Amino acid sequence: MREGLTNSWYRALHIPDVDVIIDDQELRFMKVVSQSNRSPAYTIWNPGSEFSLCDCTWSSLGNLCKHVIKVGIFCRNRQLARPSFAAQMYHFFMYYRMLNL
Ligand SMILES: [Zn+2]
């Protein structure tokens, strides 16, 4: 588990910001272009919260995938999270700090 999470985090850092696509102005979801074959893009719901869900295989297995992490970092850096997400974001990143990632 720890291995997988560290790996996801590491790989998320290698996804460029240009590969994060904001289709929805309400920020209910974002998309991340696949790094392996450039398509299709994965959809991440509730971006920037710990309740983020991605439609990739890794995420559907109950894992925290690199797309969710990437979108979380992206939201925090650009302060895109909606006010209601702010508290969730805080817990989200405190969680990773707790794991020393
Ligand atoms: Zn994913």
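Numbering (this note's numbering), first residue to last: 191 to 291.
Beta carbons: idealized from backbone N, C-alpha and C, even for Gly.
Remember, predicted model here, so these are calculated numbers, not experimental data.
Using the Cα positions of residue i and residue j, report the straight-line distance between them to the nearest angstrom.
i    : j    : result
A202 : H257 : 6 Å
L291 : V223 : For L291, the predicted structure reports a pLDDT of 49, less than 50, and the residue's modelled location is therefore unreliable. A value from the coordinates is still provided. Taking the straight line from one Cα to the other gives about 24 Å.
W235 : N227 : 21 Å
G238 : N197 : 19 Å
D213 : A231 : 11 Å
H246 : V208 : Here residue 246 is Cys; the residue named in the question, His, does not match the sequence. Distance between the alpha carbons of C246 and V208: 19 Å.
G262 : W248 : 17 Å
S229 : S242 : 21 Å
Q225 : Q215 : 24 Å
Are the beta-carbon atoms of residue i and residue j separated by less than 7 Å?
i    : j    : result
K190 : I205 : In the structure displayed, the chain extends from 191 to 291; residue 190 sits before or after that span and is not available.
Could you spell out the range, first to last residue, of the alpha helix (DSSP H) harbouring residue i?
i    : result
F219 : No alpha helix (DSSP H) holds F219; the beta strand (DSSP E) holding it covers 219-223.
G262 : 256-268
S249 : 247-250
In chain order, what residues of the same chain have a beta carbon less than 8 Å from the beta carbon of residue i, not counting five sequence neighbours either side?
i    : result
M191 : Low local confidence applies: a pLDDT of 47 at M191 is under 50, so the model's placement there is unreliable, with the coordinate-based value given in what follows. So the list is empty, once near-sequence residues are dropped.
Pop quiz: residue i and residue j are said to be a contact at Cβ under 8 Å. What is the actual Cβ separation, rounded to whole angstroms?
i    : j    : result
C265 : C255 : That belief does not hold up - the Cβ atoms of C265 and C255 are roughly 16 Å apart, past 8 Å.
L270 : L217 : 6 Å
At what residues does the beta strand (DSSP E) containing residue i begin and finish?
i    : result
I234 : 231-235
Grab me the residues of residue i's own chain with a C-beta within less than 6 Å of its C-beta, minus the 5 sequence neighbours each way, in chain order.
i    : result
T233 : F219, K221, D245
Counting only the same chain and skipping the five closest in sequence on each side, list residues whose C-beta sits under 7 Å from that of residue i.
i    : result
R268 : none
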